[in-house]
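Visitor: What the sequence shown shows, in mature numbering (1 follows the signal peptide of the UniProt record, and there is no 0), is residues -20 to -1, 1 to 429, in sequence order.
The beta carbon of each residue, even a glycine, is placed where N, CA and C say it ideally should be.
Predicted, not measured: the structure shown is a model, and the values here were computed from it.
Dropping a structure here in structure tokens format, bear with me for questions.
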Amino acid sequence: MKRLLLFIACLTILSGCTFKSGDELLKTPRPSATYESLQKQINNITSKGAIAVSPQSGENRNTVQLMDLNLDGEDEAVAFFCESKNPDKFHIYVFQRENEEYISLGSVSATAAQITSVSYPTLSPDGQKGILISWKLSGDNSTSGMTVCAFSNEKLVTLLETTYQSFITSDLDNNGTDDLILFTKDETNRRIAQLYVKEENSSKLTLKGEAILSPETQNIVSLKKGLLRGYQPAIFAESKVEISTGLMTDIFVYDDEGFRNITLESEDGTKHSTYRPVSVPSSDVNNDQVTEVPLALLMPLTPNTQNQSGSQSSSESAYMLDWYAFSTGDAPVRVCTTYQNVSENWQFMISDAWRSNITVVKSTDENETKTTFLDYSSPSEPIELFTIHRLTGDMRNYYASQDSMFELARTTTEIYTVSIPENAANSRFNLSYEQIKERFSIISQSWNN
């Protein structure tokens, strides 16, 4: 036994292992000199009556954010404050790291109700970034403020201060930098889009063009980047309209012909109407990387109700959607047709042969909704082709396991199944379970504004 203990002791010594005392293990790790330098800068600001704050929305919500803005390999620090005595006075400081010290490069200030969001657009082809701050203005719910700043000669300079209603950044001309597209109103109260770009050696963002939105639009509900046919970048603005439900799409491009809304132009001088009475936004519906715009077709044998003002209501109507791919200089091209179940977040691809021969009927039970596809081209009674079931609640797994059910998809709260009646074989449009599953998909929407 003594020899065993001696052997273990020798192994411990030879391995070089050391054991810290309990007090040493409980010590708080000492912050780096760089961190202490940044904390000293922040303490200096707060000691003068400032309060650290953070943006209220977006991806970047920290009070202090680290970002390599000038591509020197070291993160700059961006810190957000308001004045304790004047909480509507905001200041944003930028600190640059030099060796183990953070030094102040300057600040930008604004009067606002809060900092809405902060982002870091790319302003030069080599990847240098700016800072885009969106402000919520006091007493104004429709208009916001914006400040864009960047480095110039190792100082923080303001590139743009303006107001807007919606905005998005995107590289519309494929030059490696982010362009800024603002949506606002002009002096005649028209709804317009403005394009700002950062030109080389310019100390400001340059207004490169303006384009009007469709006059029927009321307010933008979604902005997204996308591609036209030929893979030209574009911005798709989805808006509600003044006299009806549904959505309308405006498409903005920037090329050799300037910044413009291509839905308001065509070879014969007429506009391309993009209105549909259902709230389905543009999307890449067929996964070809091109963003398509849907136009609605009322399905046969479904009610086409009118409200008191005479405009169409979609609450009791079923629609197919024809999806069109746009390009500059020629007419839109229909690429596919779908049935879109907006309330249940799924879609079904409709073949060309089905477009004039198929309709749907919907029904709802407790924890189950049913959408039945019917072949109404039969000379006698319509033939039921299949029913898609959306199952919810605690018993959904039980109902989905019934012999008549075939699973199509599931989420954390729902199971989608299909049942196919025997007489579906009497229709020339009958489909197998595999064919139905291939045409069915869950809708994943991304709304940006």
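Where does Arg419 fall in DSSP's three states?
Guide: Helix at Arg419.
Visitor: Using CA coordinates, which residue listed in Arg41, Asp264, Asn169 and Thr138 is at the minimum distance from Ser182?
Guide: Selected option, being the one with the closest Cα: Thr138.
Visitor: Here's the rule: buried if 16 or more other CB atoms are within 10 angstroms of the residue's CB, otherwise exposed. What is Arg171?
Guide: Buried, by the Cβ-count rule.
Visitor: Rounded to the nearest angstrom, what separates Ala13 and Ser97 at their Cα positions?
Guide: Computed Cα separation, rounded: 30 Å.
Visitor: Report all residues from its chain with a CB closer than 8 Å to the CB of Asn241; omit the five preceding and five following residues, and keep chain order.
Guide: Answer for Asn241: Ala173, Ala191, Ile192, Leu193, Ser194, Asp230, Ile231 and Phe232, listed in chain order.
Visitor: Just the C-alpha distance for Lys69 and Ala217, rounded to the nearest angstrom, thanks.
Guide: Looking at the two C-alpha atoms, the distance is approximately 33 Å.
Visitor: When the Cα atoms are used, what is the spatial distance from Glu134 to Ala57?
Guide: Roughly 14 Å separates the two Cα atoms.
Visitor: Secondary structure at Ser114, three-state DSSP: helix, strand or coil?
Guide: Ser114: strand per DSSP, three-state reduction.
Visitor: When DSSP builds the beta bridges, which residues end up paired with Gln76?
Guide: Paired residues: Ile83.
Visitor: Can you tell me whether Arg390 is helix, strand or coil according to DSSP?
Guide: It is a strand residue.
Visitor: Give me the Cα-Cα distance between Met300 and Ser381, rounded to the nearest whole angstrom.
Guide: So the alpha carbons of these two residues sit roughly 30 Å apart.
Visitor: Give me the Cβ distance between Ser64 and Ala30, rounded to the nearest whole Å; I'm assuming they're in contact under 8 Å.
Guide: Right, the Cβ-Cβ distance comes to about 7 Å (below 8 Å), so this counts as a contact.
Visitor: Note down, in chain order, each residue of its chain lying with its Cβ closer than 7 Å to the Cβ of Glu324, except the 5 sequence neighbours on either side.
Guide: The answer, listed in chain order, is Thr349 and Arg370.
Visitor: Let me check understanding here. Comparing Cα to Cα, which of Thr186, Gln327 and Tyr82 lies closest to Leu140?
Guide: That would be Thr186, whose Cα lies nearest to the Cα of Leu140.
Visitor: Following the continuous beta strand (DSSP E) through Ala173, name the residue where it begins and the one where it ends.
Guide: Run containing Ala173: Arg171 to Lys178, per the beta strand (DSSP E) assignment.
Visitor: Just to confirm the assignment: which complete alpha helix (DSSP H) runs, minimum length 4, are found wholly within the segment 45 to 75?
Guide: Those alpha helix (DSSP H) runs which fall completely within the segment 45 to 75 and span 4+ residues do not exist here.
Visitor: Using a threshold of 8 Å, state whether the C-beta atoms of Val398 and Ile416 are closer than that.
Guide: Contact: yes.
Visitor: If I follow the unbroken alpha helix (DSSP H) through Lys20, where does it start and stop?
Guide: Note, Lys20: alpha helix (DSSP H), Ala13 to Thr26.
Visitor: How far does the beta strand (DSSP E) with Ala217 in it extend, from its first residue to its last?
Guide: Looking at the DSSP string, the run of the beta strand (DSSP E) that includes Ala217 is Pro213 to Val221.
Visitor: Lys165 and Asn199: beta carbons closer than 8 Å?
Guide: Contact flag unset, no.
Visitor: Who are the Cβ neighbours of Ser146 in its own chain at under 7 Å, not counting the five residues just before and after it?
Guide: Contacts found: Phe163, Ile200, Leu203 and Asn429.
Visitor: Does the structure place the segment 352 to 361 close enough to the segment 333 to 341 that three or more beta carbon pairs sit under 8 Å?
Guide: The segment 333 to 341 vs the segment 352 to 361: in contact.
Visitor: What residue from Asn154, Gly156 and Thr197 has the CA that sits closest to Asn169's CA?
Guide: The shortest Cα separation from Asn169 among Asn154, Gly156 and Thr197 belongs to Thr197.
Visitor: At the level of alpha carbons, what is the spacing between Ser104 and Asp235?
Guide: When rounded, the distance between both Cα atoms is 18 Å.
Visitor: In whole angstroms, what separates the C-alpha of Tyr334 from that of Ala405?
Guide: The sequence given here has Trp at residue 334, not Tyr. Each residue's alpha carbon lies about 16 Å from the other.
Visitor: Whole angstroms is fine: what's the gap from Leu117's alpha carbon to Glu222's?
Guide: If I take the Cα positions, the gap works out to 26 Å.
Visitor: Among the residues of its own chain, which have a CB less than 8 Å from the CB of Gly189, if the five just before and after it don't count?
Guide: Closer than 8 Å at Cβ, skipping near neighbours: Gln174, Leu175, Tyr234, Gly238, Phe239 and Arg240.
Visitor: Checking 8 Å against the spacing of the C-beta atoms, do Val315 and Trp303 come in under that value?
Guide: In contact: Val315 and Trp303 (Cβ atoms closer than 8 Å).
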